[in-house]
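> So the working numbering is basically just the index in the sequence shown, starting at one, shifted up by 306.
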Amino acid sequence: MAGLVECSGTAIRFKARGGGWTEALAATDLRLAPGSFTALIGPSGCGKSTLLNAIAGFVPLAGGGVAVDGAQVTGPSPEVGVVFQQYALFPWFTARGNVEFALRRLGLPRAERQARAEASLAEVGLHGRGGAWPGQLSGGMKQRVALARTLAAQPKVLLMDEPFGALDAQTRATMHELLLGVWERRRTTVLFVTHDVDEALTLADRIHVMASGPGRIIETIELGDRAARQGLDYLANRNRIIGLLRHARPHGDET
Ligand SMILES: Nc1ncnc2c1ncn2[C@@H]1O[C@H](COP(=O)(O)OP(=O)(O)O)[C@@H](O)[C@H]1O
Ligand SMILES: [Mg+2]
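(1) Cα-Cα, which of L465, L414, L412, M447 is closest to L427?
(2) Could you compute how far the alpha carbon of L465 sits from the alpha carbon of L457?
(3) Along the chain, where does the beta strand (DSSP E) containing W495 start, and where does it finish?
(4) Could you spell out where the beta strand (DSSP E) holding D335 opens and where it closes?
(5) I believe F390 touches P469 by the beta-carbon criterion, under 8 angstroms. Please report the beta-carbon distance rounded to the nearest angstrom.
(6) Examine ligand 2 and report whether any of its heavy atoms sits within less than 7 angstroms of the Cβ of L314.
(7) Cβ atoms of D375 and L443: under 8 angstroms apart, would you say?
(8) Output the boundary residues of the alpha helix (DSSP H) element that contains G487.
(9) Looking at the structure shown, is Q378 part of a helix, part of a strand, or coil, going by DSSP?
(10) Of the residues R455, L432, E385, which one's Cα is nearest the Cα of R419?
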């Protein structure tokens with residue numbers, strides 16, 4: 307099965323404003339099994355986006371490597387899809403136009419692009435809504451289009467960086483169901499960044515907790531078989547993660 311992600315000793319640093327370096331990500335080992343659903347949780351600035359961007363091939367590494375199905379990542383690839391909190395839809399394209407535009411770089415014939423765009427819009431519940439303009443769509447609907455755009459390229463790995471962070475609770479719950487449905491059908495490997503404990507516990511089968519200074523994974527929680535999960539396990543894991551996050555904050559930062 308495809309979609310194996312392996313980070314080995316992956317390290318990233320940025321030039322700090324006052325000179326010197328910010329160690330955004332200390333040498334990190336991370337393995338995402340094909341078809342797994344992993345959450346990354348941690349306080350703001352701990353390196354969650356940095357780690358995700360490393361896997362996406364968006365940032366140069368200071369050390370180590372990232373491989374997808376055994377091939378080193380050297381830059382962005384359609385095999386690794388990314389969804390951000392900001393939908394980044396083109397306002398001058400319809401929903402369908404946004405999805406089709408994203409497929410152009412795959413070099414697919416026009417008919418194939420159209421068919422794939424329709425299928426992925428239908429998959430996110432936007433059947434018949436392809437003609438809508440981004441300005442006419444709610445935040446949840448725009449994020450559906452953004453997800454459809456990413457899915458249309460049929461990625462083996464789906465990276466999501468706080469994708470539902472700007473949505474209200476009800477819309478977010480709907481998006482969780484939608485995403486789990488997509489994942490169960492496609493079995494795409496998912497890495498989901500969030501700072502919401504309940505979101506991580508609802509979606510993932512494994513949670514990595516990160517801390518800052520330098521950015522690193524401090525603990526991994528296996529949630530086990532989805533069907534066998536008990537309410538008491540949920541609460542125990544929730545308390546454990548909240549306790550870890552309390553210590554993961556930089557000193558003196560109480561926000
Ligand atoms: N492009 C960049 N240039 C300089 N510093 C950056 C850049 N991106 C992130 N950082 C720094 O790296 C650290 C980790 O950032 P980030 O991965 O965005 O954290 P998170 O997503 O967990 O909030 C922070 O200290 C942040 O200021
Ligand atoms: Mg971030």
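Just so you know, even glycine gets a beta-carbon here, dropped at the ideal spot from N, CA and C.
This is what the structure gives:
(1) M447
(2) 11 angstroms
(3) Sequence check: residue 495 is Thr here, not Trp. From DSSP, the beta strand (DSSP E) with T495 extends over 495-500.
(4) 327-338
(5) 7 angstroms
(6) The residue you asked about is not Leu; residue 314 is Ser in the sequence shown. S314: no, Cβ never under 7 angstroms from ligand 2.
(7) no
(8) 475-492
(9) strand
(10) R455
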